[in-house]
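Working notes, beginning with the structure itself.
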Amino acid sequence: MVSGMIETETVMPRVARPQTRTFGAGIRSDVERTGSPTMKAIYLEKRAGAEGLVAGEIPRPNPKDDEVLVKVVATAVMPTEFDWFTTFTLPFGEPRPFPVVLSHEFSGVVEALGPKVTGVSVDDDIYGLNDWFINGAQAQYCVVKASALARKPKSIGHIQSAVAPISALTAWQGLFEKAKVERGQRVLIHGAGGAVGSFAVQMARARGARVIAPISSGNFEFVRSLGADELIDYRKSWNARGPL
Ligand SMILES: NC(=O)c1ccc[n+]([C@@H]2O[C@H](COP(=O)([O-])OP(=O)(O)OC[C@H]3O[C@@H](n4cnc5c(N)ncnc54)[C@H](OP(=O)(O)O)[C@@H]3O)[C@@H](O)[C@H]2O)c1
Numbered sequence: 000m001v002s003g004m005i006e007t008e009t010v011m012p013r014v015a016r017p018q019t020r021t022f023g024a025g026i027r028s029d030v031e032r033t034g035s036p037t038m039k040a041i042y043l044e045k046r047a048g049a050e051g052l053v054a055g056e057i058p059r060p061n062p063k064d065d066e067v068l069v070k071v072v073a074t075a076v077m078p079t080e081f082d083w084f085t086t087f088t089l090p091f092g093e094p095r096p097f098p099v100v101l102s103h104e105f106s107g108v109v110e111a112l113g114p115k116v117t118g119v120s121v122d123d124d125i126y127g128l129n130d131w132f133i134n135g136a137q138a139q140y141c142v143v144k145a146s147a148l149a150r151k152p153k154s155i156g157h158i159q160s161a162v163a164p165i166s167a168l169t170a171w172q173g174l175f176e177k178a179k180v181e182r183g184q185r186v187l188i189h190g191a192g193g194a195v196g197s198f199a200v201q202m203a204r205a206r207g208a209r210v211i212a213p214i215s216s217g218n219f220e221f222v223r224s225l226g227a228d229e230l231i232d233y234r235k236s237w238n239a240r241g242p243l
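Numbering-wise (numbering that gives the first Met the number 0), the sequence shown opens with residue 0 and increments by one.
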C-alpha cells in the first residue's frame, strides 16, 4: 500500500479514517511554551488497530549525531505493522512511548543533518528505511540514520522509491543471506510478479542464476521483462506441492 505525503496526496488504510486532533494536552502546551516546531502526522496515541489512527500535530523530531531529518514525500505502510513487536515495545521490552507513527520506508528530501553526518546534503532526494523502534514516516518529517538511506535514482519518482526498501531488502536476505544463491544455480521464485518477487527475479539474474517463476499468466510479460528464464502458470499446472 502506498501513501503520498500528508501535504499532497494521502491514501489511508481502507479500514478506518483517522480522527483529527493535536497530540496530548501536555505535549501541546510544551510545544507552545518552548516554540519547538511541530508537524502534521498520522499516529496512534494508544495501543490500537487502524481504527485508532489520529491525524494531528506532534513534535517534529530533531536529527542527532549521525541522523538525517527527512521531509517525507511518499511512504508505504503495511497493515501488519499494528501487530509488530516493535510498534509498541522498545528494544529491551519496555513499552514504547506514544505517539507512535507507522510506516518505516519512505522517499523524500533531506531537510537537516545531525552534526556527524557526511556524504549527504540538505535538499538531496533520498529514500530509505528507518529503525522499527522509532517513529516512522506517516508524517511530514522523520529521522533516519545516514547509513540507512541512499540517493533516489533519477529514473523513478518518490512513490516508486518509497516502496523499494523493505521488499528489496527481503529479497536480498532470502536470496543471498539465507539461500546463498550463486552464479549458475537454478532458483524457483514464488510470487515473482509481487513486491518481493519482482526484486528477487532481478537480483537472482544479476547474480547469474537461472530463474524459474510460477506466476499467473497475466503477469507473464512483466516477469519475463524482469529477466525470468522459465515461466509456469501456477493456476494451470502447479499447486502447493509442485507441478500438477
Ligand atoms: N512486501 C514486503 O516488503 C515484504 C516484507 C517481508 C515479507 N513479505 C512477505 O513476502 C510474501 C510476498 O509479499 P509481497 O509483498 O511480495 O506480496 P504481493 O506483492 O502481494 O505478491 C504476491 C504474489 O504471490 C503470487 N501468488 C498468489 N497466490 C499464489 C499461488 N497460489 N501460487 C504461486 N504464487 C501465488 C501472486 O502472483 P500472481 O499475481 O501472478 O497471481 C503475487 O504476485 C508475503 O508472505 C509477505 O508477507 C513481504
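Just so it is clear, CB atoms sit at the ideal spot from N, CA and C, and this is done for glycine as well. These figures come from a predicted structure and were not determined experimentally.
DSSP, reduced to helix, strand and coil, places K235 within a helical segment of the structure shown. With a beta-carbon spacing of about 7 Å, A199 and G173 fall inside the 8 Å limit used to define contacts. For H189, the shortest C-beta to heavy atom distance toward ligand 1 is below 7 Å.
For the options L43, F91, R234 and I155, the alpha carbon positioned closest to that of A138 is the one of L43. By the 16-neighbour rule on beta-carbons within 10 angstroms, R182 is exposed. The beta-carbon distance between K151 and G113, rounded to whole angstroms, is 20 Å. This is too long to meet the 8 Å contact definition. Excluding residues up to 5 positions away in sequence, V76, E80, G135 and Q137 lie with their Cβ nearer than 6 Å to the Cβ of L101 in the same chain.
Remark: C-beta atoms of F84 and K45 do not approach each other more closely than 8 Å. A contact between stretches requires three or more CB pairs, one per stretch, nearer than 8 Å, and the segment 188 to 205 fails this requirement with the segment 104 to 122.
The beta-carbon distance between P94 and T86, rounded to whole angstroms, is 11 Å. This is too long to meet the 8 Å contact definition. For Y233, the distance from the CB to the nearest heavy atom of ligand 1 is below 7 Å. CA-CA distance, V119 to K153, rounds to 16 Å.
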